[in-house]
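*Asks:*
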Amino acid sequence: MSLFFKKKKQNRNNSDELVEKRTEISSGGDAVEGLYGDDMPAPVNKRYKRAAVVVGISKYIVLTALFIFFMSMTFVYSSEITVENFRYILKDMNLKIPTGKEEYGDIYYVADMEQSFAVYRDDFVCVGRSTLQVIDMTGKQVQSTALRYVKPKLVTSGKYMLVYDLSNTQYSIYNTFSLLYSGSLEYPISDADMNDEGYYLIVSRDAEYKTNVTVYNKEMEPVYVYQTNDRYVFDAHLYNDGSFILYCAKARDGDSVSEIIKGNIKEKEVKVTFERSGTVFLSAERSGLDTTSVLGSDTLLFFSGDTPVAEYSFFGRVCRRFDAGDGNTAIVLSSEGAGADSVLIVFDTAGKVLYEGDAGSDISELYCHNKNVYSLYTGSVERFEINTGKTYYYGSGYETKGLVFADDEIVLAATAGSAYPVSVYDDFKER
């Protein structure tokens, strides 16, 4: 054992020896007046005294080392110390939370023919052929990155943004402030998706397989590949637990057969959970926590988990627009031929028809959000309130290309070069 902790034998004759001062009392006997003499202080334990000295010295050593580390890292990584990075550190603190229309500003960005819009971490994002721009809700630009895409598509998640060039080979990964990664495939990209963990999925092909589905981790490294020569994937979704769903079509005996395939990046095998002949599955959207609406070429199917619960046939009509979310599904169907009528149909998660009514023939987009169905027309937006069955109208006066939902009460109406806030309850007027 160290000498520091070794107990020394007590010397009863040294100055540390206890002394009793005795005095006489009237009743006789002795009384103890004090343990130590008047001129003798209480002894100091030398072992703890040494420990106190060591702790004191260690404190100064640690503070000195911390200062040296801080100065060294400041010098080595000085190029990384930017205002943008400090803003990124504070980003998740949500210091800026708009509470009403007056808290928003008009947002301006580069106009383009092909554009995608979204909200990412409380900021507005616009992607065009030449630029990706991130702008906060007050109108201040946060990021502007040059692109050279032909048909850009935007996918946002809780961690990153994925931008890919549909039917071309380029894609890129971003956060709020910068480009994180840029990739290029040998063959064109037909679909992509990203989950909130930063994992992303890309559907393409390669020299040997007609369909190649690759999942990458948040370090942008491939971690899973599914390949097939007899299926074409029309839509693919990747979830936070590593599971994915592929909506596919293939030919069998001269007829088209659609399949729903489920898998997980942690497992090698995939399984077909549903199959239907005579139709092609084009797209799918989750209408609820475990409910999905699947758009086919001539029908709309409703699933609870893997189980189909309802189906709605188009009866020869053509799907013009489709969307699902927040507990509802909406579709616009049109009959073929001159003077064709269009109808808007709204369903619940079980496939029950909640509403059916006329829709304009010039409808350009359809959105399900917070128990409302928004229909986008040239120069105007209609809001159908599902719970009341009432229709509200907002005349923008501009060609609105898309809607972005900042919160439940504010919607951003995006034109080719700007987006402006619209109050859901104040700016829409009942028809």
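Its first residue numbered 8, the sequence shown is counted upward by one per residue in my numbering.
For glycine and all other residues, C-beta sits at the position ideal for the given N, C-alpha and C.
If N224 sits next to Y206, beta carbons under 8 Å apart, how far is it from one beta carbon to the other, in whole angstroms?
*Replies:* Contact holds; Cβ gap of about 6 Å.
*Asks:* Quick one: grab the DSSP three-state call for N70.
*Replies:* Residue identity differs from the one stated: residue 70 is Leu in this sequence, not Asn. Helix, per DSSP.
*Asks:* According to DSSP, simplified to helix, strand and coil, what is R438?
*Replies:* DSSP places R438 in coil when its eight states are reduced to three.
*Asks:* Taking the DSSP output, what are the residues bridged to D355?
*Replies:* DSSP output for D355 lists N335 as bridge partner(s).
*Asks:* Exposed or buried, which one is R283 when buried takes at least 16 other CB atoms within 10 Å?
*Replies:* The residue in question, R283, is buried, as its Cβ has 16 or more Cβ neighbours within 10 Å.
*Asks:* By how many angstroms is the C-alpha of S85 removed from the C-alpha of G63?
*Replies:* So the alpha carbons of these two residues sit roughly 33 Å apart.
*Asks:* Per DSSP, which residues does F310 bridge with? Please list them.
*Replies:* According to DSSP, which records beta bridges pairwise, F310 is partnered with T299, P315.
*Asks:* Use the C-beta contact count for R212: other C-beta atoms within 10 angstroms, 16 or more gives buried, fewer gives exposed.
*Replies:* R212 is buried by the Cβ-count criterion.
*Asks:* For G312, I'd like the list of residues in its chain whose CB is within less than 6 Å of its CB, leaving aside the five on either flank, ordered along the chain.
*Replies:* Hits under 6 Å: D297.
*Asks:* Is R390 buried or exposed, if buried means 16 or more other CB atoms sit within 10 Å of its CB?
*Replies:* Classification of R390: buried, given that the 10 Å Cβ count is 16 or more.
*Asks:* Looking only at C-alpha atoms, which of S263, Y111, G146 sits nearest to V287?
*Replies:* Of S263, Y111, G146, the residue nearest in Cα terms is S263.
*Asks:* Look up V411 in the DSSP assignment and give the residues it is bridged to.
*Replies:* Its beta-bridge partners are L419.
*Asks:* In three-state terms, what does DSSP make of D260?
*Replies:* Looking at D260 - three-state DSSP - the assignment turns out to be coil, as it is neither helix nor strand.
*Asks:* Under a Cβ-count criterion, where at least 16 other Cβ atoms within 10 Å of its own Cβ denotes burial, should R54 be classed as buried or exposed?
*Replies:* Exposed, since its Cβ has fewer than 16 Cβ neighbours within 10 Å.
*Asks:* Which residues bound the beta strand (DSSP E) around D200?
*Replies:* Counting along the chain, the beta strand (DSSP E) containing D200 begins and ends at 198 to 201.
*Asks:* With DSSP run on the structure shown, which of helix, strand or coil describes T81?
*Replies:* Helix.
*Asks:* According to the Cβ coordinates, are Q177 and S191 closer than 8 Å?
*Replies:* Yes, the Cβ-Cβ distance between Q177 and S191 is below 8 Å.
*Asks:* With DSSP as the reference, please indicate the residues paired to S290 in a beta bridge.
*Replies:* According to DSSP, which records beta bridges pairwise, S290 is partnered with L302.
*Asks:* Helix, strand or coil: how does DSSP classify K56 here?
*Replies:* Note: K56 maps to helix in three-state DSSP.
*Asks:* Could you tell me how far apart the beta carbons of M201 and S151 are, in whole angstroms, since I believe they sit closer than 8 Å?
*Replies:* Their Cβ separation, rounded to whole angstroms, is 22 Å, which puts M201 and S151 out of contact at 8 Å.
*Asks:* Near S403, which residues of its chain fall below 7 Å by C-beta distance, leaving aside the five closest residues on each side in sequence?
*Replies:* G386, S387, V388, A420, listed in sequence order.
*Asks:* Between the Cα of E204 and those of Y381, T71, S250, K160, spot the shortest distance and give me the residue it belongs to.
*Replies:* Residue S250 is the option with its Cα nearest to E204.
*Asks:* Looking only at its own chain, which residues have a Cβ that is under 7 Å from the Cβ of A366, when we skip the five neighbours before and after it?
*Replies:* Once the five neighbours on either side are set aside, the close Cβ partners of A366 are V339, S349, V350, L351, S382.
*Asks:* Taking the straight line between their C-alpha atoms, what separation do you get for S341 and E226?
*Replies:* The alpha-carbon atoms of S341 and E226 are separated by roughly 45 Å.
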